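Some notes on the structure that comes next.
Residue numbers (this note's numbering): 830 to 1184.
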């Protein structure tokens, strides 16, 4: 039967895949995932270069490219592009990839598109931990903020899971409890800010808007190293979490340990949120939107597809940061605005399916 005849009869013979085999490893990559990943990489590249041409010092698109590839270009242009603006774009890519991967992990764990760290409170817990470290303890270095974000996120995750536990952890109960814990931590953060000096409150409020404008290579290098370690540790989740989505019994029968997998996934997901929160502040809704957008683009039945997932998050943050520069606002303001519209649409579609 020809391809045209198959298409006419509407028979699905599976997705085309690129198979890679070695003596020890073999894996298959769907063609659609490769195409989507390539398109997203082009979006990141084009908008990244375009964003480096925006600013008080006027640099054309072509001059940006020359400044990146030619060390002998005009020194002023190279300093502006390579030393000041290039780290910002790399941070946008890093933050987007980390948040998207974290969102994919938690949405796969909860088997719910609302199960992102923004909704279930882990991001707010990380923000609360950094606020304590910055405002109460007066420690404003990246390592202390990273430690505060990680501890705050993990403690919040533990509280949410304990409160949501009733024999088993229901995804709906987890989301509801997470929303309540998130609201409580948000109130505590506000109480801390109104209880300290105006200078400290303004410092924390500026950081809380979510901005990558003042970040450079000094902050990028340690953040990239941490992200690389966490991303490598998360690679097995690309295989085990989709299996876990079928249920604990099926996962156990297929050789996946549910408890151990959930614990590892939770720690790595919180670590990714903490990494971004410590460096740039809370950049909301990327973890919520990126997994769902990636899943629809690749037409898969799971939010865990690491390459297109992370590229989707990177594209969202890079485009949002370009818009933020044109509007003279922090990138977190743009992502909140876009994410609020997306959340309303997601809730409406969820309600329509149940009606």
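All C-beta atoms in this analysis are idealised placements derived from N, C-alpha and C, irrespective of residue type, glycine included.
Since we're looking at a predicted model, the values are computed, not measured.
Of the choices 942, 933, 954, whose alpha-carbon is the least far from that of residue 1103?
By 1-based counting over the chain shown, the position of residue 1103 is 274. The shortest Cα separation from residue 1103 among 942, 933, 954 belongs to 954.
What's the C-alpha gap between residue 885 and residue 949?
In the chain shown, residue 885 corresponds to position 56, counting from 1. In the chain shown, residue 949 corresponds to position 120, counting from 1. Taking the straight line from one Cα to the other gives about 39 angstroms.
Coil, strand or helix - residue 881 by DSSP:
Here the question's residue 881 lines up with position 52 in the chain shown. Residue 881: coil per DSSP, three-state reduction.
List in chain order: all unbroken alpha helix (DSSP H) runs of 4+ residues lying wholly within the region 1057 to 1122.
1066 to 1073, 1077 to 1082, 1087 to 1109
By Cβ distance, which residues of its chain are closer than 8 angstroms to residue 991, with the 5 residues on each side in sequence left out?
As a first step, residue 991 is located in the chain shown; it is residue number 162 there, counting from the start. Hits under 8 angstroms: none found.
Given 8 angstroms as the limit, is there contact between the region 951 to 965 and the region 1097 to 1114, that is, 3 or more CB pairs closer than that?
yes
Do the region 1049 to 1067 and the region 876 to 896 meet, that is, are 3 or more Cβ pairs less than 8 angstroms apart?
no
Per DSSP, what kind of secondary structure is residue 1035 in: helix, strand or coil?
As a position in the chain shown, residue 1035 is number 206, starting the count at 1. In the structure shown, residue 1035 sits in a helix (DSSP, three-state: H, G or I).
Return the chain-ordered list of same chain residues with a C-beta closer than 7 angstroms to the C-beta of residue 1006, the five sequence neighbours on each side being excluded.
The residue labelled residue 1006 in the question sits at position 177 within the chain shown. Taken in chain order, the residues that qualify are 989, 992, 993.
If residue 1048 and residue 1108 are in contact, beta carbons under 8 angstroms, what's the gap, nearest whole angstrom?
Reading the chain shown from its first residue, position 219 is the one you call residue 1048. Reading the chain shown from its first residue, position 279 is the one you call residue 1108. Rounded, the Cβ-Cβ distance is 6 angstroms, consistent with contact.
Can you tell me the Cα-Cα spacing of residue 930 and residue 943, whole angstroms?
Counting from 1 along the chain shown, the entry for residue 930 is found at position 101. Counting from 1 along the chain shown, the entry for residue 943 is found at position 114. Computed Cα separation, rounded: 15 angstroms.
As assigned by DSSP and simplified to three states, the class of residue 1128
Counting from one through the chain shown, the residue named residue 1128 turns up at place 299. Three-state result, residue 1128: coil.
Bounding residues of the alpha helix (DSSP H) (the contiguous stretch that carries residue 961):
Translated into positions along the chain shown, residue 961 becomes position 132. Taken as a continuous stretch (DSSP letters only), residue 961 belongs to no alpha helix (DSSP H), as it is neither H nor E.
Under the three-state DSSP convention, the category residue 940 falls into:
Within the chain shown, numbered from 1, the residue matching residue 940 stands at position 111. Three-state DSSP puts residue 940 in coil, outside helix and strand.
Contact check, residue 919 vs residue 1115, beta carbons under 8 angstroms
In the chain shown, residue 919 corresponds to position 90, counting from 1. In the chain shown, residue 1115 corresponds to position 286, counting from 1. No.
Give the DSSP-derived three-state secondary structure of residue 888 in the structure shown.
For the purposes of this step, residue 888 is identified with residue 59 of the chain shown, where counting begins at 1. Residue 888 falls in the coil class under three-state DSSP.
By the three-class DSSP mapping on this structure, what secondary structure does residue 905 have?
Locating residue 905 in the chain shown gives position 76, where the first residue counts as 1. It is helical.
Residue 1072 to residue 1134 span [Cα, whole Å]:
Stepping through the chain shown from its first residue, residue 1072 is reached at position 243. Stepping through the chain shown from its first residue, residue 1134 is reached at position 305. Approximately 13 angstroms, taken between the alpha carbons.
With distances taken between CB atoms, is the gap from residue 1146 to residue 921 smaller than 8 angstroms?
By 1-based counting over the chain shown, the position of residue 1146 is 317. By 1-based counting over the chain shown, the position of residue 921 is 92. In this structure, residue 921 lies closer than 8 angstroms to residue 1146 by Cβ.
Buried or exposed: where does residue 842 fall if 16 or more other Cβ atoms within 10 Å of its Cβ makes it buried?
Here the question's residue 842 lines up with position 13 in the chain shown. Below a pLDDT of 50, predicted positions are generally treated as unreliable, and residue 842, at 47, falls in that range; the measurement from the model is reported next regardless. With fewer than 16 other Cβ atoms within 10 Å, it is exposed.
I want to know whether the region 862 to 881 touches the region 906 to 916 - three or more CB-CB distances under 8 angstroms.
yes
Touch test, the region 953 to 968 against the region 976 to 990, Cβ-Cβ under 8 angstroms, three pairs minimum:
yes
Neighbourhood of residue 934 by C-beta distance below 6 angstroms, restricted to the same chain and skipping five residues each side
Residue mapping note: residue 934 aligns to position 105 of the chain shown, counting from 1. Excluding positions up to five away in sequence, the list reads 1094, 1098.
Where residue 1144 and residue 869 are concerned, what is the direct C-alpha to C-alpha distance, given to the nearest angstrom?
What you label residue 1144 is simply residue 315 of the chain shown in a count that begins at 1. What you label residue 869 is simply residue 40 of the chain shown in a count that begins at 1. Distance between the alpha carbons of residue 1144 and residue 869 is about 6 angstroms.
For the candidate residues 937, 1123, 1026, whose alpha-carbon lies nearest to that of residue 967?
By one-based count along the chain shown, residue 967 stands at place 138. The option with the nearest alpha carbon to residue 967 is 1026.
Please say whether residue 1110 and residue 1043 have beta carbons closer to each other than 8 angstroms?
Within the chain shown, numbered from 1, the residue matching residue 1043 stands at position 214. Within the chain shown, numbered from 1, the residue matching residue 1110 stands at position 281. Cβ atoms of residue 1043 and residue 1110: not closer than 8 angstroms.
What's the C-alpha gap between residue 833 and residue 1052?
For the purposes of this step, residue 833 is identified with residue 4 of the chain shown, where counting begins at 1. For the purposes of this step, residue 1052 is identified with residue 223 of the chain shown, where counting begins at 1. Confidence is the limiting factor: at residue 833 the pLDDT is only 42, short of 50, which leaves the residue's position unreliable and the question unanswerable from this model.
Let me confirm a value: residue 965 is counted as buried when at least 16 other C-beta atoms fall within 10 Å, else exposed. Which label applies?
Here residue 965 refers to the residue found at position 136 when the chain shown is read from its first residue. Exposed.
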